[in-house]
Amino acid sequence: MSLLYRPPSGWVGDVIPHFHDGEFWLYFLHDQRDPAVGMPWRTVRTRDFVHFEDGGVAIPSGGPAAEDFNAYTGSLVTDDGRVHLFYTAQNPERCDPVTGQPYQLVAHAVSDDDMRTWRKLPEETFGAPDGYVLGDWRDPFVFRVSADEPWRMLLAARSAAAPERRSGLIAQLRSTDLHTWTVDTPFWAPDLYMAHECPDVFTDGDRWYLMYSEFTESFATRYRVAPGPDGPWAVPNRDTVDGRGFYAAKTVAGLGRRFAVGWIPSKAGERDDGAWDWAGDMAVHEVVAEDDGQLSFRLPQSIADAYVSSADRTWRPVLGDWEQEREGVSVSAPDGYAASHTGPLPSECLLSVDIELAPGTSAAGIVLRAGPDAETGYRIRLEPRRGRMTFDRWPRLRTGPMQWQISGDVPHAVELERPADLHPGRHHLDVLVDGTCVIAYLDGAVAMSARMYDHRDGGLGLFVQEGSSSFTNLNVLTRH
Numbered sequence: 001m002s003l004l005y006r007p008p009s010g011w012v013g014d015v016i017p018h019f020h021d022g023e024f025w026l027y028f029l030h031d032q033r034d035p036a037v038g039m040p041w042r043t044v045r046t047r048d049f050v051h052f053e054d055g056g057v058a059i060p061s062g063g064p065a066a067e068d069f070n071a072y073t074g075s076l077v078t079d080d081g082r083v084h085l086f087y088t089a090q091n092p093e094r095c096d097p098v099t100g101q102p103y104q105l106v107a108h109a110v111s112d113d114d115m116r117t118w119r120k121l122p123e124e125t126f127g128a129p130d131g132y133v134l135g136d137w138r139d140p141f142v143f144r145v146s147a148d149e150p151w152r153m154l155l156a157a158r159s160a161a162a163p164e165r166r167s168g169l170i171a172q173l174r175s176t177d178l179h180t181w182t183v184d185t186p187f188w189a190p191d192l193y194m195a196h197e198c199p200d201v202f203t204d205g206d207r208w209y210l211m212y213s214e215f216t217e218s219f220a221t222r223y224r225v226a227p228g229p230d231g232p233w234a235v236p237n238r239d240t241v242d243g244r245g246f247y248a249a250k251t252v253a254g255l256g257r258r259f260a261v262g263w264i265p266s267k268a269g270e271r272d273d274g275a276w277d278w279a280g281d282m283a284v285h286e287v288v289a290e291d292d293g294q295l296s297f298r299l300p301q302s303i304a305d306a307y308v309s310s311a312d313r314t315w316r317p318v319l320g321d322w323e324q325e326r327e328g329v330s331v332s333a334p335d336g337y338a339a340s341h342t343g344p345l346p347s348e349c350l351l352s353v354d355i356e357l358a359p360g361t362s363a364a365g366i367v368l369r370a371g372p373d374a375e376t377g378y379r380i381r382l383e384p385r386r387g388r389m390t391f392d393r394w395p396r397l398r399t400g401p402m403q404w405q406i407s408g409d410v411p412h413a414v415e416l417e418r419p420a421d422l423h424p425g426r427h428h429l430d431v432l433v434d435g436t437c438v439i440a441y442l443d444g445a446v447a448m449s450a451r452m453y454d455h456r457d458g459g460l461g462l463f464v465q466e467g468s469s470s471f472t473n474l475n476v477l478t479r480h
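Numbering of the sequence shown is given in my numbering, commencing with residue 1 and proceeding in unit increments.
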């Protein structure tokens, strides 16, 4: 059974996580990829992100004629025992006559029975005021700094006066009762992107964090850090949560930890060369605030604990100089390339390995679903000279029948480059393989999610390019 959650039919879109009574309630947009049925909210509950209980539909589509035919992203808060749910209402048939875009509206629902049922409050639905684009007024995130301050609502919005590509901002509204809202000055307007989707604000110690997703510069979830809820918002050295393969992450705190929950998009036609789709499989990273304010993203311990059994592996060198050691293997290829192979690799597993990078090494890493010569398959490549971890595959896209007609000018999967400190010495890699999904975690700090469609089986390979490395404490774990 897959560990990355997906409903029996359809796909997981934006996740709205909420911690309640010892459980994580993971509300999500249930994308059935059928524009005729509308978008509902569903929910699934978990205590460990390993075992899930389906909670069914929470907020249904309002129907073809309703303002909330599509119920899009929002947030939940509790006040005096009542749970308030705010969401985005949209109907593709109701459009702004100026831009032709469907209106986006903020909608409100409440629950007085511990989130078992919800009552919509259509009389409180409202849209963007003058000065804002009517078709971008979405993803309400409601919070307050303290119990004696007003509630704040943040929205992914756009200025009607700015150039389109840089018109995105996070609008801000205030309320004392969660029913009537007053527009305030924007929460953040950096003139950087077209949209700051799914805004999320949280604190850790004396720092505040703002997380959002953007598709202008790249499809990525980013974050900023500040000394207080009103900024100034500083750019950390590593400001992305993941790469192109993980989107719309929002965070939730519970059981002494914080998690970022998003989705790994599927690809059109279930092919490596297919375009990225909207929605996919749910995925979660644990969020850890470091002493310098930067956030690290690591494999949740509860997921690691779900994998227990391991099998011994015998390595077969393909190229280069290999030496078997007590805890692993060492390899040297000072002027070229070295590779080794073992197999097979389970379709669902957790791989962990320590990689010792010698000074001057150009690259080292692992090959997933490797062919007998360790060439075909998917590479997770550490590149010390460039300070990055990348995801690559071979063969790449073929553009013609000749041997040079291949996308050799694309050195790795586009938008899956992850910045990383790869100083000489030991680095730890955890790799979660779950069907066509893969998530790599480097040094408990850098996350990279991707898809693997074209190769569904194969072995495990190790490689080094122009240098030497040792691979120790290598385990391939499977579920109970």
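By construction, the Cβ of each residue, glycine as well, lies at the ideal position given by its N, Cα and C atoms.
Distance CB(residue i)-CB(residue j) smaller than 7 Å
i, j, result
"ILE16", "TYR5", "no"
"ASP483", "ALA339", "Because the chain here runs from 1 to 480, residue 483 falls outside it and cannot be looked at."
"PHE463", "VAL329", "no"
"TYR209", "GLY168", "no"
"ALA370", "GLY459", "yes"
"HIS30", "GLY62", "no"
"GLY365", "ARG379", "yes"
"ASP291", "THR251", "no"
"ASP139", "THR43", "no"
"PHE297", "ALA413", "no"
"GLU356", "ARG426", "yes"
"ILE303", "GLY280", "no"
"PRO424", "PRO334", "no"
"GLY461", "ALA363", "no"
"PRO300", "GLU323", "no"
"GLY135", "THR99", "yes"
"THR361", "GLY467", "yes"
Residue i, buried or exposed, once every other Cβ within 10 Å from all chains shown has been counted against 16
i, result
"VAL142", "buried"
"HIS51", "exposed"
"MET115", "buried"
"PHE246", "buried"
"TRP181", "buried"
"PHE391", "buried"
"PHE215", "exposed"
"GLU383", "buried"
"HIS480", "exposed"
"TRP404", "exposed"
"SER266", "buried"
"GLU149", "exposed"
"SER407", "exposed"
"ALA161", "exposed"
"GLY131", "exposed"
Selection from the options that minimises the alpha carbon distance to residue i
i, options, result
"PHE69", "LEU76, ASP112, ILE59, THR78", "ILE59"
"ARG271", "ALA195, ASP54, ARG451", "ARG451"
"GLY254", "VAL12, GLY13, GLU23, PRO7", "GLU23"
"THR376", "GLU383, PRO384, LEU382, VAL367", "VAL367"
"ASP191", "ARG166, LEU351, ASP335", "ARG166"
"GLU497", "HIS108, GLY38, ARG45", "The structure shown does not extend to residue 497, since the chain is modelled only from 1 through 480, so no value can be given for it."
"ALA65", "GLN90, ALA160, GLN301", "GLN90"
"LEU477", "ASP409, SER449, ALA306, HIS18", "ALA306"
Contact test: residue i Cβ vs the ligand COA heavy atom, cutoff 6 Å
i, result
"ALA147", "Because no ligand of any kind appears in the structure shown, any question about the ligand COA cannot be addressed here."
First and last residue of the uninterrupted alpha helix (DSSP H) at residue i
i, result
"ALA195", "It is not in any alpha helix (DSSP H) - ALA195 carries neither H nor E in the DSSP assignment."
"GLN301", "301-304"
Boundaries (first-last residue) of the beta strand (DSSP E) holding residue i
i, result
"GLN104", "102-111"
"TYR87", "82-95"
"GLN465", "459-479"
"THR73", "70-79"
"LEU319", "316-319"
"PRO17", "11-20"
"TRP41", "41-46"
"PHE28", "23-31"
"TRP488", "Missing from the structure shown is residue 488; the chain here goes from 1 to 480 and no further."
"ASP430", "425-434"
"THR221", "220-226"
"ASP54", "53-59"
Those runs of the beta strand (DSSP E) which lie wholly inside the region 327-395 and span at least 3 residues: Correct list: 328-342, 348-357, 363-370, 377-383, 388-394.
4 or more residues per run - each alpha helix (DSSP H) lying fully within the region 107-153: Considered as a whole, the region 107-153 harbours no complete run of any alpha helix (DSSP H) with no fewer than 4 residues.
Every unbroken alpha helix (DSSP H) inside the region 255-316 [4 residues or more]: Runs found: 301-304.
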